[in-house]
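Residue numbers (the working numbering): 46 to 438.
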Amino acid sequence: MNDILLLKPGEVFLKGLNKRYFEEKLMNNLRRRLKHVGHFQVSCRQSTFYVEPTDEKAELDAALRAARQVFGFATVTRAAACEKDADAIARLAIDYLRDTMQSVKTFKVETKRSDKRFPMTSIALSQYVGGRLAEAYPNARAQMHDPELTVHLEVRELAAYVHAAPVPGAGGMPVGSNGSAVTLLSGGIDSPVSSYLIAKRGVRLVPVHFFSFPYTSELAKQKVIDLAKLLEPYTGRMTLQIVPFTHIQEEIRRCCPEAYFTLIMRRFMMRIAADIAAHNDCKAIVTGENLGQVASQTMEAMASTQAVLDQLPVLQPLVGMDKTDIIALARKIGTFETSILPYEDCCTVFTPRHPKTHPTVAEVAEAEAVMDIDGLVQEAVAGIERIRIGYEC
Ligand code: ATP
Ligand code: MG
C-alpha cells in the first residue's frame with residue numbers, strides 16, 4: 046500500500062468567486078511538476094489535493110520535494126497508508142507518529158471518512174485510535190481543545206491514511222493566475238531572485254537575456270540558461286529569449302558620451318523588453334534592481350531608464366532589500382552557486398569610468414538622440430534566439 050501526499054492551498058485566494066479557477070491552475074501546475082518526478086495521480090477534494098503514486102517505483106520523497114516548489118500551496122503532508130481496519134490504523138498511528146507522540150503532552154485525533162462503507166463513524170474511529178495512542182504513550186493525554194498535536198486519519202477508497210504535522214509549502218499564488226511578465230535575467234545574483242519572487246505572486250515569466258558576444262562569452266550565456274533551468278521548478282516552463290546586444294553596445298560607444306553609456310544601454314534594454322512584452326501578452330517588466338546598489342540604480346537613473354516605457358510598469362521586488370537578504374534567498378532557491386560563477390555580463394562591457402548617477406531624463410535622451418534607435422531595436426528583436434526551458438516532458 047502506497048503512502049501519499051496531501052497538499053493544502055493558501056486560504057486567501059480560495060475564498061473568492063474564482064475558487065474553481067485557482068484550483069484548476071494548482072492542479073495543472075502540480076501535475077506538470079510531478080511529471081518530471083514519476084507516475085502520480087493528482088486529485089482534489091474539498092480543497093485538499095492528493096498525490097498518489099501509480100506505480101511501485103514512484104518516489105514519494107522526491108514528489109514531496111517537488112511539490113514544495115509549486116507556488117500556491119501553504120502546506121504539504123506525507124501520509125502513511127494501511128488497510129482499512131481500525132486495529133491496523135491504530136497500529137500504524139502508534140508506529141508512524143512515535144517521535145512526535147513521545148514529545149507532546151496533549152493530542153487529539155480527527156478523522157475524515159470519504160469511504161462511507163467503512164463500518165465505524167468518524168467519531169468512533171477517532172475515539173478508538175485516540176484511546177490506543179494514549180495507552181501507548183502515557184506522556185500524552187487526549188485534549189479536544191487546543192492540543193499540541195492533531196493526528197489526522199483519512200479513510201479513502203483504496204486505503205486508510207495517518208498523518209501529523211504538515212511542512213510548509215512554497216506559498217504564494219499559482220503561476221499563471223496573475224498574468225505574464227517579461228523578466229530581465231542577467232547572470233548575476235539578483236535577477237534570478239527577483240524572477241522567483243514575481244513568479245511566486247502567480248506570474249508566468251518570459252525571461253530575457255541581453256548577450257554581447259564576443260565581449261561576453263558562450264559560457265556566460267550557458268550560465269543564464271542554467272539559471273533559467275534552476276528557476277523552472279518554481280516558474281514552470283519558460284522560453285528564454287537571448288537578445289543579440291553587441292551592435293547596440295558598439296553603437297553606444299561610438300556615438301554617445303561615455304558617462305551615459307550604462308544609462309543608454311539600459312534604456313535600450315527596456316525598449317526591447319517592451320517589444321517582447323507586446324508580442325507575448327506580458328503586462329510588466331521585472332528587474333533585479335536594488336536602490337543605491339550601483340550607479341545605474343539611483344532614483345534618477347531608474348527614472349531615466351523607465352522613461353522610455355509608456356504602458357508597462359517595472360516591477361522591482363528587490364528594490365528595498367539588503368544584499369545579505371537577497372543572497373540568503375538566492376541560496377534558499379538554489380541559484381546562488383551558479384550566479385557567482387565568474388563570467389562577465391554585458392553591463393560590465395564598456396563601463397564608464399565616471400558614470401552619471403543623477404541624470405535628468407532630458408539629458409540622457411539628448412545624449413542618445415544621434416543614434417538610429419528604432420532601427421537598432423528592430424535589428425536586435427529580429428535576431429532573438431529562443432531557448433525552451435522545461436519542455437522535455
Ligand atoms: P544582477 O545581479 O541581477 O545582475 P546587478 O546588481 O548586477 O543585478 P545591474 O547589472 O545594474 O545590477 O542590472 C540590474 C538589472 O538589470 C538586473 O537585475 C537584471 O534584471 C537586468 N540586467 C542586467 N544585465 C542584464 C542582461 N545582460 N540581460 C538581461 N537583464 C539584465
Ligand atoms: Mg548584473
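Each residue gets a CB set at the ideal place from its N, CA and C atoms; glycine is no exception.
Put His-84 into one of helix, strand or coil per three-state DSSP. Shown here, His-84 sits in coil according to DSSP, grouped into three states, outside any helix or strand.
Which residue's Cα is closest to the Cα of Ala-126: Ser-167, Val-207, Ile-139? With distances taken between Cα atoms, Ala-126 lies closest to Val-207.
Are the CB atoms of Leu-79 and Pro-54 nearer to each other than 8 angstroms? No. Outside cutoff.
State the DSSP-derived secondary structure class of Arg-201, mapped to helix, strand or coil. Arg-201: coil per DSSP, three-state reduction.
Give the straight-line distance between the Cα atoms of Ala-185 and Ala-138, rounded to the nearest whole angstrom. Roughly 14 angstroms between the two C-alpha positions.
At least 3 beta-carbon pairs within less than 8 angstroms: the stretch 101-118 vs the stretch 166-185: At 8 angstroms Cβ cutoff, the stretches do not touch.
For a quick check, are the C-beta atoms of Phe-85 and Ala-103 less than 8 angstroms apart? Remark: C-beta atoms of Phe-85 and Ala-103 approach each other more closely than 8 angstroms.
Please go through the stretch 149-216 and give each complete alpha helix (DSSP H) segment of 4 or more residues, from N-terminal end onward. If we require 4 residues or more, the alpha helix (DSSP H) runs fully inside the stretch 149-216 come out as 167-181.
Would you report the Cα separation of Leu-242 and Val-212, rounded to the nearest angstrom? Inter-residue distance for Leu-242 and Val-212 is about 20 angstroms (C-alpha atoms, whole angstroms).
Grab the span of the beta strand (DSSP E) containing Gln-114 for me, first residue to last. Counting along the chain, Gln-114 falls outside any beta strand (DSSP E), and DSSP gives it neither H nor E.
Does the distance between the C-beta of Phe-395 and the nearest non-hydrogen atom of ligand 4 fall short of 7 angstroms? In the structure on display, ligand 4 does not appear, and the ligands it does have are ligand 1 and ligand 2.
Take Thr-228 and list the residues in its own chain whose beta-carbon comes closer than 6 angstroms to its own, dropping the five residues that flank it on each side. Closer than 6 angstroms at Cβ, skipping near neighbours: Ser-240, Leu-250, Pro-252, Val-331.
Status (buried if at least 16 other CB within 10 Å, exposed otherwise) for Gly-365: Counting Cβ neighbours within 10 Å, Gly-365 comes out exposed, since fewer than 16 surround it.
Relative to ligand 1, is the shortest distance from any of its heavy atoms to the C-beta of Glu-334 smaller than 7 angstroms? Yes, ligand 1 has a heavy atom inside 7 angstroms of this Cβ.
What is the residue span of the beta strand (DSSP E) that Glu-97 lies within? From DSSP, the beta strand (DSSP E) with Glu-97 extends over 93-98.
Regarding Phe-255 and ligand 1, is the C-beta to nearest heavy atom distance less than 7 angstroms? Result yes, Cβ under 7 angstroms from ligand 1.
If you reduce the DSSP assignment to three classes, tell me which class His-399 lands in. Collapsing the DSSP output to three states places His-399 in coil.
Contact the stretch 369-388 vs the stretch 263-278: 3+ CB pairs below 8 angstroms: The stretch 369-388 is in contact with the stretch 263-278.
Using a Cβ-Cβ cut-off of 7 angstroms (strictly less than) and excluding sequence neighbours within five positions of Glu-193, which residues of its own chain qualify? Counting only Cβ-Cβ distances below 7 angstroms, and skipping sequence neighbours, we find Val-149, Lys-150, Thr-151, Phe-152.
Does the Cβ of Gln-91 have 16 or more other Cβ atoms within 10 Å, making it buried, or fewer, making it exposed? Exposed: under 16 other Cβ atoms inside 10 Å.
Taking the alpha carbon of Lys-161 as the reference point, which residue from Arg-201, Thr-195, Ala-135, Asp-144 has its own alpha carbon closest? Ranking Arg-201, Thr-195, Ala-135, Asp-144 by Cα distance to Lys-161 puts Arg-201 first.
C-alpha distance - Glu-128 paired with Leu-357, whole-angstrom precision: Taking the straight line from one Cα to the other gives about 57 angstroms.
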